[in-house]
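Student: Okay, handing you the structure first.
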Amino acid sequence: MKSEIISIKDIDLAKKKVFIRCDFNVPQDDFLNITDDRRIRSAIPTIRYCLDNGCSVILASHLGRPKEISTKYSLEPVAKRLSRLMSKEVLLAKDVVGEDAKKKAQNLGASEILMLENLRFEKGETKNDENLAKELASMAEIYINDAFGVCHRAHASVEAITRFFDVKAAGFLLQKEIKFADNLLRHPARPFVAVVGGSKVSGKLQALINLLPKVDKLIIGGGMAFTFLKALGYDIGNSLLEEELLEDARAIMKRGRELGVKIYLPVDVAVARTCSSESFMSYVPTQEIPSGFMGLDIGPASGKLFREALADAQTIWWNGPMGVFEIEKFAKGSLKMAHFIGDSHATTIIGGGDTADVVARSGEADEMTFISTGGGASLELIEGKELPGVKPLRGE
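So the sequence shown is residues 1251 to 1646, counted in the working numbering.
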């Protein structure tokens, strides 16, 4: 039996210097304007709680996958947005563990906020480098992880850093994420329907296997559906296929039958010769995908079938879009799914960045019970794995 995660409320914070690992990896447009600040807003309750306890707060996050130090990946827009949201100045260090960061951290007063530059400007971050972790830890007395989106990664600011703090705990967002995933698997209101999409089966194979004994229905869409359709003997044209997983797909369908789980696959799809907005698109039954064409979204009949499957659901977990939603003509299936789930009376949990983007685009975000801030981390929790960023926060 795993011990409970230590909460930020379980520790004495009064007037301490606190290091908070946040997940400010937000989408930006070509002009570096933040297009969705949900992850920044999600971190505010933990930051405010620390400020209310007279703490000085050091915030750390990554943004994107920079190969080198670049203004394109600077956290400056994030610091400005947070400052505006909190109506409070947020200082930004010019570096991560350099002279400027250390000086500003040292001089930080009570109830002041400092944000370090992009953690991934330091090569040691993704290598879980102990020296970098030690330098980061030297800036504060208490470590709080509130970055669920990176908890599945053993990185310096997530895993190695915990070795250098005697006092460490989970922030409110991290606790909320884990609680939702835990309750979802242990005590779902039934019928429990899992909707799984996205491009590949490989990234979700273990989650599918783990979900099967727990769900009543499983809806499979997106590119990954074609591996299942091929496993049933359908000709899928040039649609996405993971040939090495055909046996796994057959095994999942067989196991579903044994458990009495109803598995739904698309019955029609939007096809085109190429995956582009200029390409001519038409809807065809899944048994009639023409040679040289690829399926890029579910069709209207599939939408109706999936809506029927969701009609009596009491719990819905959705991870992965139904098609190439980035291109407008192939986004209909994903947007319809967002509306179906938003209109349901079920407890609805949305996992994964792409799925959250679809929900935001559909205008249904306020109708969902919970939108997870981490796709990979949420999948690994569903797979039953212990996350590297969470394990050190248990009172063991």
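In this text, a Cβ means the ideal position worked out from N, Cα and C, and glycines have one as well.
What you are looking at is a predicted structure, and each value in this text was computed from that prediction instead of being measured.
Along the chain, where does the beta strand (DSSP E) containing Thr1597 start, and where does it finish?
Tutor: Locating residue 1597 in the sequence shown gives position 347, counting from the first residue. Taken as a continuous stretch (DSSP letters only), the beta strand (DSSP E) holding Thr1597 covers Thr1597 to Gly1601.
Student: Do you know offhand how far Glu1339's Cα is from Asp1607's?
Tutor: By 1-based counting over the sequence shown, the position of residue 1339 is 89. By 1-based counting over the sequence shown, the position of residue 1607 is 357. Computed Cα separation, rounded: 29 Å.
Student: Closer than 8 Å, CB to CB, is Phe1415 near chain D or not?
Tutor: Annotation note: the requested chain D is absent from the structure, which comprises a single protein chain.
Student: Just to confirm the assignment, what range does the beta strand (DSSP E) spanning Ile1470 have?
Tutor: Along the sequence shown, one-based indexing puts residue 1470 at 220. It spans Lys1467 to Ile1470 - the beta strand (DSSP E) in which Ile1470 sits, taken as one unbroken run.
Student: Please list the terminal residues of the continuous beta strand (DSSP E) segment that includes Lys1418.
Tutor: As a first step, residue 1418 must be located in the sequence shown, where it is residue number 168. Lys1418 -> beta strand (DSSP E) spans Val1417 to Ala1420.
Student: Do you know offhand how far Asp1498's Cα is from Gln1456's?
Tutor: By 1-based counting over the sequence shown, the position of residue 1498 is 248. By 1-based counting over the sequence shown, the position of residue 1456 is 206. Using only the alpha carbons, I get a separation of about 10 Å.
Student: Can the beta-carbon of Gly1583 be found closer than 8 Å to that of Asp1547?
Tutor: One-based indexing of the sequence shown puts residue 1583 at position 333. One-based indexing of the sequence shown puts residue 1547 at position 297. For Gly1583 and Asp1547, yes; Cβs fall inside 8 Å.
Student: Unbroken alpha helix (DSSP H) runs of length 4 or more, entirely within the stretch 1316 to 1378: which are they?
Tutor: If we require 4 residues or more, the alpha helix (DSSP H) runs fully inside the stretch 1316 to 1378 come out as 1326 to 1336 and 1349 to 1356.
Student: What are the residues that DSSP puts in a beta bridge with Ala1213?
Tutor: The structure shown does not extend to residue 1213, since the chain spans only 1251 to 1646, so no value can be given for it.
Student: For Ala1310, which beta-bridge partners are listed by DSSP?
Tutor: Reading the sequence shown from its first residue, position 60 is the one you call residue 1310. Beta-bridge pairing links Ala1310 to Arg1271.
Student: Taking the straight line between their C-alpha atoms, what separation do you get for Ile1577 and Ile1392?
Tutor: Taking the sequence shown and counting its residues from 1, one reaches residue 1577 at position 327. Taking the sequence shown and counting its residues from 1, one reaches residue 1392 at position 142. Going by the C-alpha atoms only, they are around 45 Å apart.
Student: Comparing C-alpha positions only, which one of Val1609, Ser1628 and Glu1362 sits nearest to Phe1708?
Tutor: Summary: the structure shown does not reach residue 1708, with the chain confined to residues 1251 through 1646, and so no result is reported for it.
Student: Any idea what DSSP makes of Arg1644, helix, strand or coil?
Tutor: Position 394 of the sequence shown, counted from the first residue, corresponds to residue 1644. The answer is strand: DSSP assigns Arg1644 an E or B state.
Student: Tell me which same chain residues have a C-beta within less than 8 Å of the C-beta of Gly1487, skipping the five on either side of it?
Tutor: In the sequence shown, residue 1487 corresponds to position 237, counting from 1. Excluding sequence neighbours, Gly1487 sits near Val1521, Ile1539, Pro1540, Ser1541, Gly1542, Phe1543, Met1544 and Gly1545.
Student: Label Gly1639 either buried or exposed according to how many other C-beta atoms from any shown protein chain fall within 10 Å of its C-beta, with 16 as the threshold for buried.
Tutor: Translated into positions along the sequence shown, residue 1639 becomes position 389. Gly1639 should be labelled buried.
Student: Rounding to the nearest angstrom, what Cα-Cα distance links Met1251 and Glu1636 in this structure?
Tutor: Here residue 1251 refers to the residue found at position 1 when the sequence shown is read from its first residue. Here residue 1636 refers to the residue found at position 386 when the sequence shown is read from its first residue. Unreliable positioning characterises Met1251 in this predicted model, as indicated by a pLDDT of 44, which lies under 50. The coordinate reading is nonetheless provided below. About 12 Å.
Student: Can you give the Cα-Cα distance for Ile1621 and Pro1535, rounded to whole angstroms?
Tutor: Residue numbering aside, residue 1621 sits at position 371 when the sequence shown is read from its first letter. Residue numbering aside, residue 1535 sits at position 285 when the sequence shown is read from its first letter. Answer to the nearest angstrom: the Cα atoms are 32 Å apart.
Student: Is Ser1658 helix, strand or coil by DSSP?
Tutor: Only positions 1251 to 1646 of the chain appear in the structure, and residue 1658 is not among them; the question remains open.
Student: Note down the Cα distance separating Lys1330 from Gly1453, rounded to an integer number of angstroms.
Tutor: The sequence position of residue 1330 within the sequence shown is 80, counting from 1. The sequence position of residue 1453 within the sequence shown is 203, counting from 1. Roughly 35 Å separates the two Cα atoms.
Student: Using the Cα positions of Asp1416 and Ser1388, report the straight-line distance between them to the nearest angstrom.
Tutor: The count along the sequence shown starts at 1 and reaches residue 1416 at position 166. The count along the sequence shown starts at 1 and reaches residue 1388 at position 138. Their backbone Cα atoms lie some 12 Å apart in a straight line.
Student: So Glu1427 and Thr1623 are in contact, right, with Cβ under 8 Å, and what is the actual spacing, rounded?
Tutor: The sequence position of residue 1427 within the sequence shown is 177, counting from 1. The sequence position of residue 1623 within the sequence shown is 373, counting from 1. Between Thr1623 and Glu1427 the Cβ distance is about 7 Å, and since that is below 8 Å, they are a contact.
Student: Please confirm whether Gly1448 and Gly1570 have their CB atoms less than 8 Å apart.
Tutor: For this step, residue 1448 is matched to residue 198 along the sequence shown. For this step, residue 1570 is matched to residue 320 along the sequence shown. Against a cut-off of 8 Å, the Cβ pair of Gly1570 and Gly1448 comes out as a contact.
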